Amino acid sequence: MIHAMETAAYHMPPLTEDLLGSIIFAMEDQVSSYYIDLKDGSLISEEEMRYLAEDEQAEGPCAEERFTSIPDWEPSDGFRLMEMFANRVRNPLYRERLLSCLNSGKGVFRKFKDTLSELPVLERKWFSFKDEQLKRVVITWYREQEGLLGLIHLSEETEDLTEDILLEDFTFETHEGYPTSEIDSFLQTILEEMESGDEQNAIASLLLSRRFENEMPEHYQIARSHDGTLAAMLAYIPVTDYLVEVPFFAVKIDFRGLGLFRLLFDAFSRQMARFHYRTIVVNLIGSSVSLERLFTPYSNQTAAKHLILSTSNWNSNHPSSEEAFL
Numbered sequence: 001m002i003h004a005m006e007t008a009a010y011h012m013p014p015l016t017e018d019l020l021g022s023i024i025f026a027m028e029d030q031v032s033s034y035y036i037d038l039k040d041g042s043l044i045s046e047e048e049m050r051y052l053a054e055d056e057q058a059e060g061p062c063a064e065e066r067f068t069s070i071p072d073w074e075p076s077d078g079f080r081l082m083e084m085f086a087n088r089v090r091n092p093l094y095r096e097r098l099l100s101c102l103n104s105g106k107g108v109f110r111k112f113k114d115t116l117s118e119l120p121v122l123e124r125k126w127f128s129f130k131d132e133q134l135k136r137v138v139i140t141w142y143r144e145q146e147g148l149l150g151l152i153h154l155s156e157e158t159e160d161l162t163e164d165i166l167l168e169d170f171t172f173e174t175h176e177g178y179p180t181s182e183i184d185s186f187l188q189t190i191l192e193e194m195e196s197g198d199e200q201n202a203i204a205s206l207l208l209s210r211r212f213e214n215e216m217p218e219h220y221q222i223a224r225s226h227d228g229t230l231a232a233m234l235a236y237i238p239v240t241d242y243l244v245e246v247p248f249f250a251v252k253i254d255f256r257g258l259g260l261f262r263l264l265f266d267a268f269s270r271q272m273a274r275f276h277y278r279t280i281v282v283n284l285i286g287s288s289v290s291l292e293r294l295f296t297p298y299s300n301q302t303a304a305k306h307l308i309l310s311t312s313n314w315n316s317n318h319p320s321s322e323e324a325f326l
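Sequential numbering from 1 applies to the sequence shown in full-length UniProt numbering.
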């Protein structure tokens, strides 16, 4: 009976942010084991636990009821987490490189980290993703230990990798006037990439090239990476005192899949509002047509569309108008 009363006195401590962070840090320590001391709510090492357990045994039985081990976290768990992250990377270039690192055998952890370090914004997303996933593990473990007792309000869902990360890794600027050699090189690289793609992109490249021969934009919103590389660009043309047109935008292949265009367009739209432009016409060309869904929540309207039709499909599937005279 006395033992039951002593056992009931122990409860999981409140899972504060400090305790949560300490548990996560300890989980990744592959050398030592750690425990929660339910008597005072502290995180202790196995050596400290054994010392305290000896004192507890002198006072009464079942000293093990006072201590609970933190969640296990093995290298295999870390590997699965890296694999999960790699499969979620939208940039095909870096997704394949990361997966290749994980399938390379010896030294996969170092290769994975070295690849991430090449693109700081992706590296920061990895740390954010890893932190949120480990929080989920700890919170799930905590709830299994003692239901919801003492649990402060912490979300179990993985947080979105927010634009705050991008804001720290990219700078935005405007360029007025004829394109510099850097901008011209960026344009040519994107046009050549489109030209070598599928028919949709090849035709879009041709239409853009012809347009730029007649009217080269002289206004640009630019995004640069931390090392000054031109990472993304948006060209625009003022049409009236309230209307501005965006004939072209692109993100360099190394920086795609990070949400950079959304951030670039946000910076552009807010600047246009400061210049008293009320309406923006965005031309979606080639594969960027899929970005129409990005603008749908903001009550966009369709002003025009370019459709690609096959003469063979039309002629084969539509009744010939000549038959009307037969």
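C-beta: ideal position from N, C-alpha, C; glycine also.
Keep in mind that this is a model prediction, so the values were computed, not measured.
Practice task
To the nearest angstrom, report how far apart Ser312 and Ala204 are at their CA atoms.
Solution key: Roughly 20 Å between the two C-alpha positions.
Practice task
Hey, could you find the ends of the beta strand (DSSP E) Met233 is sitting in?
Solution key: Taken as a continuous stretch (DSSP letters only), the beta strand (DSSP E) holding Met233 covers Leu230 to Pro238.
Practice task
Return the first residue and the last residue of the alpha helix (DSSP H) that Gln200 is part of.
Solution key: Residues Glu199 to Asn214.
Handout entry: Simplified DSSP assignment, three categories, for Pro247
Key = DSSP places Pro247 in strand when its eight states are reduced to three.
Problem - Boundaries of the beta strand (DSSP E) in which Thr279 is found, first to last residue - result: Unbroken beta strand (DSSP E) run through Thr279: Thr279 to Val282.
Practice task
Return helix, strand or coil for Leu271, following the three-state DSSP convention.
Solution key: In the sequence under discussion, the amino acid at residue 271 is Gln, which differs from the Leu named in the question. The answer is helix: DSSP assigns Gln271 an H, G or I state.
Exercise for the section: Drop a sphere of 10 angstroms on the beta-carbon of Gly105, count the other beta-carbons inside from all chains shown, and report buried for 16 or more, exposed for fewer. Expected result: Gly105 is exposed by the Cβ-count criterion.
Exercise for the section: Provide the residue span of the alpha helix (DSSP H) that contains Thr302, from first to last. Expected result: Run containing Thr302: none; DSSP gives neither H nor E here.
Practice task
Indicate whether Met12 and Tyr142 have their beta-carbon atoms separated by less than 8 Å.
Solution key: Yes, these two residues count as a Cβ contact at 8 Å.
Problem - Euclidean distance between Cα positions of Glu46 and Ser33 - result: C-alpha separation (whole angstroms): 5 Å.
Problem - Per DSSP, the bridge partner or partners of Asp37 - result: Answer is Ser42 and Phe67, bridged to Asp37.
Exercise for the section: Please report how far the alpha carbon of Val289 lies from the alpha carbon of Leu187, in whole angstroms. Expected result: Distance between the alpha carbons of Val289 and Leu187 is about 18 Å.
Problem - 8 Å Cβ cutoff met for Leu263 and Val251 - result: No, the pair does not count as a contact, with Cβ atoms beyond the cut-off.
Handout entry: CB of Ile44 within 8 Å of CB of Val138, strictly
Key = Taking the C-beta atoms as reference points, Val138 is found no nearer than 8 Å to Ile44.
Exercise for the section: Let me know if Asn283 comes out buried or exposed under the rule of 16 or more other beta-carbons within 10 Å of its beta-carbon. Expected result: It is buried - the Cβ of Asn283 has at least 16 other Cβ atoms within 10 Å.
Problem - Residue from Phe172, Trp314, Tyr298 and Glu292 with nearest C-alpha to Ala304 - result: Scanning Phe172, Trp314, Tyr298 and Glu292 for the CA closest to the CA of Ala304 turns up Glu292.
Exercise for the section: Please classify His176: does DSSP put it in a helix, a strand, or coil? Expected result: It is Glu, not His, that sits at residue 176 in the sequence shown. Residue state, collapsed to three classes: strand.
Problem - DSSP three-state assignment for Tyr242, whether helix, strand or coil - result: In the structure shown, Tyr242 sits in coil (DSSP, three-state: anything other than H, G, I, E or B).
Problem - Test item: CB-CB of Phe265 and Leu234 under 8 Å - result: Taking 8 Å as the Cβ cut-off, Phe265 and Leu234 qualify as a contacting pair.
Practice task
Could you check what DSSP says for Gln30 in three-state terms: helix, strand or coil?
Solution key: Coil at Gln30, not helix or strand.
Practice task
Tell me His219's beta-bridge partners as DSSP assigns them.
Solution key: Per DSSP, Glu176.
Handout entry: For Tyr298, the nearest candidate out of Gly286, Ile280 and Phe212 (CA to CA)
Key = The residue from Gly286, Ile280 and Phe212 with its alpha-carbon nearest to that of Tyr298 is Ile280.
Problem - Contact set for Tyr236: own chain, Cβ-Cβ below 6 Å, skip 5 residues either direction - result: Once the five neighbours on either side are set aside, the close Cβ partners of Tyr236 are His219, Val244 and Val246.
Exercise for the section: Could you check if Tyr94 is buried or exposed, using at least 16 other CB atoms within 10 Å of its CB as the buried criterion? Expected result: If you draw a 10 Å sphere on the C-beta of Tyr94, you find 16 or more other C-beta atoms in it, and that means buried.
Exercise for the section: From the DSSP output, in three-state form, read off His3 for me. Expected result: Only weak support exists for where His3 lies, its pLDDT of 42 falling under 50; the coordinates are left without a value.
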